[in-house]
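Enquirer:
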Amino acid sequence: MFESISQLLDESETKSIPLHKLILKDESEYTHISESDIIERLKNTLAIMKQSLEKALTTDIELPIKEASNQAKKLLTPGIFFGDNMKDAIAWAMIISEYNSGMGLIVAAPTAGSSGVLPAVLFKAKDILGKSEEDVFNALVVAAAIGAIIGNRAMLSGSEGGCQAEVGVASAMSAAAITYMAGGSHTQISNAIALSLKNLLGLICDPVAGLVISPCIKRNAIGVVNAFLATEMALSGLTSIIPADEIIDAMMKVGRKLPYELKETGLGGIAATKTGKRIKKNIFSDK
Amino acid sequence: MKYTSIFDVIGHIMVGPSSSHTAGACQIAYVAQLLFGKKPKSVKIGLHGSFAETYRGHGTDIAILAGLLGFKPEDEEIKNAFEIAQEEGLNYTFEIVDLGSEYHPNSVSIEMSDKIEKMTVIGSSIGGGNIIIKNVNGLDAGFGGEPNTLVILNQDKIGALVNIANTLSKFNLNIGSMKISRDLKKKIALTWLEADSVIPDEVISALKKYSEIKWVRIINV
Chain R
261 MFESISQLLD ESETKSIPLH KLILKDESEY THISESDIIE RLKNTLAIMK QSLEKALTTD
321 IELPIKEASN QAKKLLTPGI FFGDNMKDAI AWAMIISEYN SGMGLIVAAP TAGSSGVLPA
381 VLFKAKDILG KSEEDVFNAL VVAAAIGAII GNRAMLSGSE GGCQAEVGVA SAMSAAAITY
441 MAGGSHTQIS NAIALSLKNL LGLICDPVAG LVISPCIKRN AIGVVNAFLA TEMALSGLTS
501 IIPADEIIDA MMKVGRKLPY ELKETGLGGI AATKTGKRIK KNIFSDK
Chain Y
237 MKYTSIFDVI GHIMVGPSSS HTAGACQIAY VAQLLFGKKP KSVKIGLHGS FAETYRGHGT
297 DIAILAGLLG FKPEDEEIKN AFEIAQEEGL NYTFEIVDLG SEYHPNSVSI EMSDKIEKMT
357 VIGSSIGGGN IIIKNVNGLD AGFGGEPNTL VILNQDKIGA LVNIANTLSK FNLNIGSMKI
417 SRDLKKKIAL TWLEADSVIP DEVISALKKY SEIKWVRIIN V
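In the order they appear, the protein sequences are chains R and Y.
261 is the number of the first residue of the first sequence in this note's numbering; add one for each residue after it.
237 is the number of the first residue of the second sequence in this note's numbering; add one for each residue after it.
Put into structure tokens, the structure is as follows:
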């Protein structure tokens with residue numbers, strides 16, 4: 261396993277092994293599972309991601325918070341300020357996220373609450389760049405390894421570190437994946453991670469009524485836009501003056517400092533607003 | 237390290253909306269019915285802490301019922317659990333309980349019974365879909381959903397462990413870890429161990445030959 265982003269990228273550089281191959285080799289050595297078995301399992305993971313988007317697109321989803329139901333599909337319309345591609349991408353992320361909230365089958369990436377970001381970014385980047393299934397697979401491998409490094413250096417759950425540790429991490433994983441897919445350099449990958457994570461640093465986890473609905477579903481959309489934004493910056497040659505690993509460590513410290521009310525308890529943020537409380541009361545009143 | 241595989245990060249294929257309140261809840265119930273060893277006719281489900289607070293919105297109740305019906309966290313039939321329970325004639329009740337502060341906020345007590353037997357299992361969902369079974373019929377426990385786990389209820393007497401260890405070695409199984417919890421009054425012990433490789437079903441009949449062994453379950457999830 262890799263302890264830092266720099267260690268992973270440096271090792272790939274010095275050994276001249278493509279990033280995804282190095283990650284698969286390391287996974288096999290560490291877990292004693294053959295590379296072909298790992299690849300097979302990852303392909304299944306990718307297939308489930310694809311299936312959840314396809315099924316979500318054709319399913320009407322009734323959520324416990326009625327006014328939050330069937331919002332995402334309204335985005336399947338031509339872009340106004342956004343181009344059609346970006347509008348599709350945010351729609352897909354929210355559609356998968358709604359599907360998750362309505363008990364659909366999804367892949368937690370890294371969590372169920374942030375499960376819309378990575379598939380939406382991967383599939384849309386594939387379309388935009390005209391890449392193959394194999395390129396998407398390789399990008400998924402990179403995303404997973406980045407997620408594991410962030411998880412080990414910091415955390416991957418709203419209850420431990422707020423939404424920055426869910427949608428924030430999903431966004432950074434996605435940015436790294438598509439920078440790799442676009443043929444970006446190791447420096448650009450590192451910058452894409454740094455820039456995306458930095459933008460969502462401090463994001464709290466404040467689910468209304470404690471449910472994975474509001475603001476979770478729409479925050480999946482900001483995770484997508486932020487991933488494309490950071491990638492666009494990194495591929496244009498912009499750099500983060502603070503290195504990725506140091507931002508991850510900062511995220512960990514911020515996560516620890518966030519008060520209990522802002523870490524998935526449904527007691528702070530928008531959950532604690534007048535309307536948030538009313539919604540909670542309505543849902544659980546006949547308990 | 238908390239995450240020792242890339243599958244810890246993107247490997248959890250599950251029915252939403254929450255890895256702890258849906259997937260973990262289903263997994264506890266799934267393991268509970270494996271421990272019971274047969275389909276229960278009647279179940280009494282006690283929701284504790286955060287499970288009690290938010291079970292409706294997260295589908296915790298549906299997920300627990302689904303697990304008891306033998307569905308795993310990735311089974312899309314989960315959402316039909318109430319209907320399936322009715323079709324299969326499974327009687328169920330839900331109640332809010334306070335198991336005490338020593339239990340994780342996401343905990344559930346599941347009492348399963350048929351005409352002959354009764355078993356109560358308490359489990360906790362500790363995050364990211366991971367679980368721990370904390371108590372079986374009043375005996376402390378501490379096993380999760382790791383593959384290749386063997387759980388045994390035996391009379392607490394000299395030689396019981398030797399017989400278990402010898403049987404496993406006959407099947408060429410290496411024991412990675414082993415723990416015991418005892419009820420000194422009833423003179424029974426719960427033994428759970430993890431093997432390094434897949435435990436074949438034949439181990440059960442081999443162990444049952446010993447009179448001190450009451451039941452044996454392979455938990456492979």
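Beta carbons: idealized from backbone N, C-alpha and C, even for Gly.
#1: Which residue comes first and which comes last in the beta strand (DSSP E) that contains Y:E331?
#2: Just to confirm, is the Cβ distance from R:S434 to R:L378 under 8 Å?
#3: Going along the chain, which residues of the stretch 522 to 535 of chain R sit with their C-beta nearer than 7 Å to a C-beta in chain Y?
#4: Identify the contact partners of Y:S254 in chain R, using a Cβ-Cβ distance below 8 Å as the criterion.
#5: At a CB-CB cut-off below 7 Å, which residues of chain R make contact with Y:Y239?
#6: Checking contacts by CB at 8 Å: is Y:H294 closer than that to chain R?
#7: If we define contact as Cβ-Cβ less than 8 Å, is Y:F287 a contact residue for chain R?
#8: Report the rounded CA-to-CA distance for R:M309 versus Y:V398, giving the unit in angstroms.
#9: Sorted by chain position, which residues of the same chain lie with C-beta nearer than 8 Å to Y:E312's C-beta, five sequence neighbours on each side aside?
#10: Excluding five sequence neighbours on each side, which residues of the same chain lie with their C-beta closer than 6 Å to the C-beta of R:N459?
#11: Thinking just about the alpha-carbon of each residue, which of R:T291, R:E300 and R:A353 is nearest to the one in R:A316?
#12: Rounded to a whole number of angstroms, what is the C-alpha to C-alpha distance between R:T371 and R:E287?
#13: For the putative contact between Y:L409 and Y:S433, defined by C-beta atoms under 8 Å, what is the C-beta separation to the nearest angstrom?
#14: For R:N304, count the other beta carbons within 10 Å of its own beta carbon; 16 or more makes it buried, fewer makes it exposed. Which is it?
#15: If we ignore side chains and look at the alpha-carbon of each, how far apart do R:L284 and R:L302 end up?
#16: Hey, R:M261 and R:A408 are a contact pair by Cβ (cut 8 Å); roughly how many whole angstroms apart?
#17: For R:H292, count neighbouring Cβ atoms within 10 angstroms of its own Cβ and tell me buried if that reaches 16, exposed if not.
#18: What are the partner residues of Y:T356, as DSSP defines its beta bridges?
#19: Rounded to whole angstroms, how far is the Cβ of Y:I411 from the Cβ of Y:A401, which I believe are closer than 8 Å?
#20: Can a CB atom of chain R be found closer than 8 Å to the CB of Y:V344?
#21: Give me the chain Y residues within the contact set of R:V367, using Cβ-Cβ distance strictly less than 9 Å, ordered along the chain.
#22: Could you work out which residues of chain Y lie near R:Y520, taking near to mean beta carbons separated by less than 9 Å?
#23: Would you kindly check if the distance between the Cβ of Y:Q269 and the Cβ of Y:P309 is under 8 Å?
#24: Is Y:T329 close to chain R, meaning its C-beta is less than 8 Å from at least one C-beta of that chain?
#25: Please state whether DSSP places R:G529 in a helix, a strand or coil.
#26: Taking only runs that begin and end inside the stretch 469 to 495 of chain R, name each unbroken alpha helix (DSSP H) of 4 or more residues, in chain order.
#27: Grab me the residues of R:N451's own chain with a C-beta within less than 6 Å of its C-beta, minus the 5 sequence neighbours each way, in chain order.
#28: Would you check if the stretch 421 to 435 of chain R and the stretch 318 to 330 of chain R touch, i.e. whether three or more CB-CB distances between them fall below 8 Å?
#29: Closest Cβ-Cβ distance between Y:E312 and chain R: below 8 Å?
#30: Using a C-beta to C-beta distance shorter than 7 Å, which residues of chain Y count as neighbours of R:F341?
#31: Would Y:K445 count as contacting chain R if we go by Cβ distances under 8 Å?
#32: Please decide whether Y:T290 counts as near chain R, where near means a Cβ-Cβ distance under 8 Å.
#33: Comparing alpha-carbon positions, which option in R:K334, R:D387, R:G443 and R:L306 lies nearest R:S375?
#34: In whole angstroms, give me the CA-to-CA distance for R:P519 and R:G421.
#35: Would you please verify whether the beta carbon of R:S264 is less than 8 Å from any beta carbon of chain Y?
#36: Output needed for Y:F318: all residues of its chain with C-beta closer than 7 Å, excluding positions within five of it in sequence on either side, in chain order.
Expert: The answer reads as follows:
#1: Numbered from its first residue, the second sequence carries residue 331 of chain Y at position 95. It spans N327 to I332 - the beta strand (DSSP E) in which Y:E331 sits, taken as one unbroken run.
#2: Taking the first sequence and counting its residues from 1, one reaches residue 434 of chain R at position 174. Taking the first sequence and counting its residues from 1, one reaches residue 378 of chain R at position 118. It is a contact, given that the beta carbons lie within the stated cut-off.
#3: none
#4: Locating residue 254 of chain Y in the second sequence gives position 18, counting from the first residue. The answer, in chain order, is A372, G373 and V472.
#5: One-based indexing of the second sequence puts residue 239 of chain Y at position 3. Under the 7 Å cutoff, chain R gives A408, G411 and N412.
#6: The count along the second sequence starts at 1 and reaches residue 294 of chain Y at position 58. Answer yes: the Cβ-Cβ gap between Y:H294 and chain R drops below 8 Å somewhere.
#7: By 1-based counting over the second sequence, the position of residue 287 of chain Y is 51. Judged by the 8 Å Cβ criterion, Y:F287 is not in contact with chain R.
#8: If you number the first sequence from 1, residue 309 of chain R lands on position 49. If you number the second sequence from 1, residue 398 of chain Y lands on position 162. If I take the Cα positions, the gap works out to 48 Å.
#9: Here residue 312 of chain Y refers to the residue found at position 76 of the second sequence. Only V251 meet the Cβ criterion.
#10: Residue 459 of chain R sits at position 199 when you count from the first residue of the first sequence. Excluding sequence neighbours, R:N459 sits near N486.
#11: Working through the first sequence from its first residue, we reach residue 316 of chain R at position 56. Of the listed residues, the one whose Cα sits closest to R:A316 is R:A353.
#12: The residue labelled residue 371 of chain R in the question sits at position 111 within the first sequence. The residue labelled residue 287 of chain R in the question sits at position 27 within the first sequence. Rounded to whole angstroms, R:T371 to R:E287 spans 20 Å at the Cα level.
#13: Here residue 409 of chain Y refers to the residue found at position 173 of the second sequence. Here residue 433 of chain Y refers to the residue found at position 197 of the second sequence. Going by Cβ atoms, the distance from Y:L409 to Y:S433 rounds to 6 Å, so yes, they are a contact pair.
#14: Within the first sequence, residue 304 of chain R is the residue found at index 44, counting from 1. Under this definition R:N304 is an exposed residue.
#15: Position 24 of the first sequence, counted from the first residue, corresponds to residue 284 of chain R. Position 42 of the first sequence, counted from the first residue, corresponds to residue 302 of chain R. Computed Cα separation, rounded: 10 Å.
#16: The residue given as residue 261 of chain R occupies position 1 in the first sequence. The residue given as residue 408 of chain R occupies position 148 in the first sequence. Contact holds; Cβ gap of about 7 Å.
#17: Indexing the first sequence from 1 puts residue 292 of chain R at position 32. Classification for R:H292: exposed.
#18: Indexing the second sequence from 1 puts residue 356 of chain Y at position 120. Answer by DSSP bridge pairing, in chain order: Y:E347.
#19: Here residue 411 of chain Y is taken as the residue at index 175 of the second sequence, counted from 1. Here residue 401 of chain Y is taken as the residue at index 165 of the second sequence, counted from 1. About 7 Å separates the two Cβ atoms, so the contact holds.
#20: As a first step, residue 344 of chain Y must be located in the second sequence, where it is residue number 108. Not closer than 8 Å to any Cβ of chain R, the Cβ of Y:V344 fails to qualify, so no.
#21: For the purposes of this step, residue 367 of chain R is identified with residue 107 of the first sequence, where counting begins at 1. Here the neighbours are I246, G247, H248, I249 and M250.
#22: On the first sequence, residue 520 of chain R is found 260 positions in, with the first residue counted as 1. Simply none; closest approach about 12 Å.
#23: The residue you call residue 309 of chain Y lines up with position 73 of the second sequence. The residue you call residue 269 of chain Y lines up with position 33 of the second sequence. No, the Cβ-Cβ distance between Y:P309 and Y:Q269 is not below 8 Å.
#24: Translated into the one-based positions of the second sequence, residue 329 of chain Y becomes position 93. No, no contact with chain R.
#25: Taking the first sequence and counting its residues from 1, one reaches residue 529 of chain R at position 269. In the structure shown, R:G529 sits in a helix (DSSP, three-state: H, G or I).
#26: 476 to 495
#27: In the first sequence, the residue the question calls residue 451 of chain R occupies position 191. Answer for R:N451: A494, T499 and S500, listed in chain order.
#28: no
#29: Position 76 of the second sequence holds residue 312 of chain Y. Interface residue, yes.
#30: For the purposes of this step, residue 341 of chain R is identified with residue 81 of the first sequence, where counting begins at 1. The contacting residues do not exist; R:F341 stays about 30 Å from chain Y at best.
#31: Here the question's residue 445 of chain Y lines up with position 209 in the second sequence. False, the Cβ-Cβ gap to chain R never drops below 8 Å.
#32: The residue given as residue 290 of chain Y occupies position 54 in the second sequence. So yes, Y:T290 belongs to the interface.
#33: Taking the first residue of the first sequence as 1, we reach residue 375 of chain R at position 115. Looking at the Cα atoms, R:L306 is the closest of the given residues.
#34: Counting from 1 along the first sequence, the entry for residue 519 of chain R is found at position 259. Counting from 1 along the first sequence, the entry for residue 421 of chain R is found at position 161. Going by the C-alpha atoms only, they are around 10 Å apart.
#35: The residue given as residue 264 of chain R occupies position 4 in the first sequence. Not one chain Y Cβ lies under 8 Å of R:S264.
#36: For this step, residue 318 of chain Y is matched to residue 82 along the second sequence. Contacts found: I298 and L301.
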